[in-house]
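Reminder that position 124 of the sequence shown reads as 123 in numbering that gives the first Met the number 0, one-by-one numbering, no gaps.
Backbone N, C-alpha and C fix where the C-beta goes; we use that ideal spot for every residue, glycine too.
What follows is a short report on a single structure.
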Amino acid sequence: MWIVVVSLILVVFFALCSSLFALMATSVPVVRTPEKMLAEISKLAAVQKSRIIVDAGCGDARTLLALCATQAACGRGYELNGPLKVFAMFRVLLAGRRKSIKIYFRDFFRCELEDVDLVYCFLMPAVMRRVGRKCLEEMRPGTRLVSYLWEVPDWEPTETIKLGGREDPLFIYVLEPEIKKDTNLPN
Ligand SMILES: C[S@@+](CC[C@H](N)C(=O)[O-])C[C@H]1O[C@@H](n2cnc3c(N)ncnc32)[C@H](O)[C@@H]1O
């Protein structure tokens with residue numbers, strides 16, 4: 000009996016340490032895109048026929064699953080919070096999308112985006128300039144960066160959609176070289 004109790008305590012301890020590490024490494028708290036916004040967000044991905052979709056910090060993968068609602072879409076979720084990554088994998092497994100949606104315990108800023116059609120993110124203002132720069136450098140012209148709540152500083156969104164009763168902004172950037180207004184700004 001005590002072995003079970005000690006094992007449980009260890010699991011909880013490592014889960015807490017991993018979550019704390021993720022928070023310290025990313026400075027981005029775990030907050031989910033509100034459920035009621037998902038239908039509209041996923042419609043957007045479907046309309047644009049995005050085939051490879053990335054969630055930059057996928058949390059529990061609920062949003063990524065909504066974005067990949069059409070079976071033709073393939074998803075990649077990057078998550079630095081270990082317990083959440085495991086949870087996300089279970090969610091994908093239960094949804095029957097194990098083959099087309101992969102979850103990685105990896106820093107989004109270290110992943111490759113050359114073949115990606117749409118990057119979705121719900122992060123924090125402090126990292127948005129870096130996210131924009133990475134997407135612009137690696138993704139093909141005409142592909143999209145979609146950010147819930149936070150803008151890429153000094154970029155003009157191609158479209159801003161207001162979601163739900165609170166009218167939360169969803170910023171859509173079609174990536175073209177001329178999107179960047181000031182290239183010399185710091186991170
Ligand atoms: C605000 S939550 C959003 C979760 C999910 N995308 C959603 O919309 O429901 C942000 C998540 O991104 C993760 N994260 C932040 N920066 C990251 C990075 N550079 N690489 C991987 N994951 C990151 C955090 O651990 C957190 O779980």
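Does ligand 1 have even one heavy atom less than 8 Å from the beta-carbon of residue i?
i, result
"Val29", "yes"
"Asp54", "yes"
"Ala38", "no"
"Val145", "no"
"Glu78", "yes"
Can you grab the Cα-Cα spacing for the pair residue i / residue j, in whole Å?
i, j, result
"Met36", "Ile2", "44 Å"
"Leu79", "Met0", "33 Å"
"Ala88", "Phe104", "Checking the sequence, you will find Met at residue 88 rather than Ala. Going from the Cα of Met88 to the Cα of Phe104 covers about 10 Å."
"Glu39", "Asp116", "18 Å"
"Ile8", "Gly141", "49 Å"
"Ile178", "Pro168", "19 Å"
"Tyr147", "Val91", "22 Å"
Can you tell me whether residue i sits near ligand 3, meaning its C-beta is under 8 Å from at least one heavy atom of the ligand?
i, result
"Val4", "Among the ligands present in this structure, namely ligand 1, ligand 3 is not found."
Please list, in chain order, all residues of the same chain as residue i whose beta carbon is under 7 Å from its beta carbon, the five residues on each side excluded.
i, result
"Ser17", "Asn80, Gly81 and Pro82"
"Pro124", "Trp149"
Pull up the DSSP beta-bridge partners for residue i, would you.
i, result
"Phe170", "Ser146 and Thr159"
"Arg90", "Bridge partners of Arg90: none, in fact."
Give me, in chain order, the residues of the same chain whose beta-carbon lies closer than 8 Å to that of residue i; leave out the 5 immediate sequence neighbours on both sides.
i, result
"Thr182", "Legend: pLDDT at Thr182 = 48, less than 50; position of this residue unreliable, no value from coordinates given."
Using C-beta distances below 6 Å, list every residue in its chain close to residue i, excluding the 5 sequence neighbours before and after it, in chain order.
i, result
"Lys101", "Arg75"
"Cys73", "Ile51 and Ser99"
Three CB pairs or more closer than 8 Å across the region 57-76 and the region 40-49: The region 57-76 vs the region 40-49: in contact.
Given 8 Å, three or more beta-carbon pairs between the region 56-64 and the region 18-34: As far as the Cβ criterion goes, the region 56-64 touches the region 18-34, which means the pair count is three or higher.
Inter-stretch contact at 8 Å, needing at least 3 Cβ pairs: the region 101-117 / the region 132-146: With three or more CB-CB distances shorter than 8 Å, the region 101-117 counts as touching the region 132-146.
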